[in-house]
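Okay, structure first, notes after.
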């Protein structure tokens, strides 16, 4: 299927999901084939673990609302000396007017030290850190999807190789059967070749299982409902050299890595907590006013109170948050070093994988193909022993499979490098 058709199918999948219609219940023009880029887009939109992580951002944004709230005023009232029974010789209303006391008042805590602004600043800093951490989760999901996508490509390529081999060897079995019936081959040699066919058939069955399992694992990362059960993958499964220097990659990683950005924002958040701790060390006064009616007299009262900062000046939290700043700065330095280390390790890994893949592509694939073709021709002409032919056949299969595994290792190393750099684009 072409890439264009695969993109159309994914768009249909996304549209169906957005409308709340189960994807696997839709009519489709054919099996859905997705590319690696489409797989990553699906995962970023539908991976349930990632969707759960994104709710942390919304929770932090809700915490910003709480941090920006002012204290509530306090309303208080009382009515004292109410009689349990009407007093003798005095009317009830007269007693209430002349002999009871009632109060109605309002008090309010005045926050000093810009506490509300500091709370909001600290909450926003925490949200920024969480947002960067979620972006880092997206980086991890993209790597998982890329690795599983390569596994699915390897499984499909291995299945294709196994099916081609079994068809090719079946021709050899058919020719050997004719030679055996014509007396040109011993029964023992014919049976050896026929028994060898079961290995090819077993390879096909094992490759089928590997393909189903690889696609199932990938589907889980994409979001199980985002693709139909009979979906497949499409894309180039081949070694292509990567022309980029490690210095360029490290510079790009320092700009793009979300975990490093989270560490930088962590320093900002630590400073915000320190400012808030100092603000909380400021004592907040409470002012109140109330209206009173006592013994027939109406009056007003106001009051002012403030804690005396003799012992508790929040010095413990201030010291703790000051130390936390230094901790965040060290974590930032560690994150920066980890970024450079990750790029270095991934770069060396892809260089090694590239060398192995290049060896097969430049030399050994062609050698194995020629050896198999020559051996097959010589065997059919009676110029090569059966065991030598079977050995050449096994060497060809092993070389073809090893090359596919080398390509998968290279493409996986490429995904590792993309994760280390924090970008899909490496050039």
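Numbering (the numbering used here), first residue to last: 1411 to 1837. Here a beta-carbon is modelled for each residue, glycine too, at the ideal position from N, C-alpha and C.
| request: Please determine if the segment 1452-1460 and the segment 1631-1638 are in contact, where contact requires at least 3 C-beta pairs separated by less than 8 Å. | output: yes
| said: Using CA atoms only, rank isn't needed, just tell me which of 1781, 1701, 1786 is closest to residue 1488. | reply: 1701
| What is the DSSP secondary structure of residue 1639, counted as helix, strand or coil? | coil
| task | Using a threshold of 8 Å, state whether the C-beta atoms of residue 1614 and residue 1576 are closer than that. | result | yes
| field | At least 3 beta-carbon pairs within less than 8 Å: the segment 1504-1524 vs the segment 1476-1483 | value | yes
| Inter-residue Cα distance where the pair is residue 1605 and residue 1662 | 56 Å
| query | When you compare only the Cα positions, how much space is there between residue 1581 and residue 1669? | reply | 57 Å
| message | Could you check whether residue 1724 and residue 1680 sit closer than 8 Å to each other, using their CB atoms as the reference points? | response | no
| said: Using a 10 Å radius around the Cβ and a threshold of 16 neighbouring Cβ atoms, would you call residue 1824 buried or exposed? | reply: buried
| task | Thinking residue 1832 and residue 1541 are a contact (beta carbons under 8 Å), I'd like their distance in whole angstroms, please. | result | Between residue 1541 and residue 1832 the Cβ distance is about 15 Å, and since that is not below 8 Å, they are no contact.
| task | Could you say which of 1450, 1641, 1829, 1765 lies nearest to residue 1754 if we only look at CA atoms? | result | 1829
| In the segment 1655-1719, which residue ranges form an unbroken alpha helix (DSSP H) of at least 4 residues, counting only runs that do not cross its ends? | 1656-1666, 1668-1690
| task | Would you tell me roughly how many angstroms separate the C-alpha atoms of residue 1714 and residue 1693, rounded to the nearest one? | result | 13 Å
| Near residue 1599, which residues of its chain fall below 7 Å by C-beta distance, leaving aside the five closest residues on each side in sequence? | 1796
| query | Taking contact to mean at least 3 C-beta pairs separated by less than 8 Å, is the segment 1803-1810 in contact with the segment 1743-1762? | reply | no
| Based on the DSSP output, what are the partners of residue 1857 in its beta bridges? | With the chain running from 1411 to 1837 in the structure shown, residue 1857 is simply not present.
| query | Taking C-beta to C-beta, are residue 1684 and residue 1655 nearer than 8 Å? | reply | no
| Rounded separation between residue 1543 and residue 1667 - CA only | 10 Å
| said: With distance defined between alpha-carbon atoms, name the residue in 1802, 1798, 1763 nearest to residue 1780. | reply: 1802
| To which residues of the same chain is residue 1486 closer than 6 Å at the C-beta, ignoring the five residues directly before and after it? | 1515
| In terms of alpha-carbon separation, which member of 1819, 1510, 1642, 1594 lies closest to residue 1707? | 1510
| message | Just list the residues that DSSP pairs residue 1444 with in beta bridges. | response | 1643
| said: Can you find the residues in the same chain that come closer than 6 Å, C-beta to C-beta, to residue 1504, ignoring five residues on each side of it along the sequence? | reply: none
| message | Using C-beta distances below 7 Å, list every residue in its chain close to residue 1757, excluding the 5 sequence neighbours before and after it, in chain order. | response | 1656, 1659, 1827
| message | Using a 10 Å radius around the Cβ and a threshold of 16 neighbouring Cβ atoms, would you call residue 1462 buried or exposed? | response | exposed
| message | Distance check for residue 1637 and residue 1585, CA to CA, integer angstroms please. | response | 45 Å
| query | Taking the alpha-carbon positions, what's the residue 1816 to residue 1465 distance? | reply | 40 Å
| field | Own chain residues within Cβ distance below 6 Å of residue 1738, not counting five before or after | value | 1676, 1677, 1680
| said: One question on the structure: do residue 1499 and residue 1703 come within less than 8 Å of each other, judged by their Cβ atoms? | reply: no
| What separation, rounded to the nearest whole angstrom, lies between the Cα atoms of residue 1627 and residue 1775? | 30 Å
| Which same chain residues, not among the five before or five after residue 1749, have their C-beta less than 7 Å away from its C-beta? | 1663, 1664, 1667, 1670
| said: Checking the sheet assignment: what are the DSSP bridge partners for residue 1518? | reply: 1697
| Does the count of Cβ pairs from the segment 1643-1652 and the segment 1762-1771 closer than 8 Å reach three? | yes
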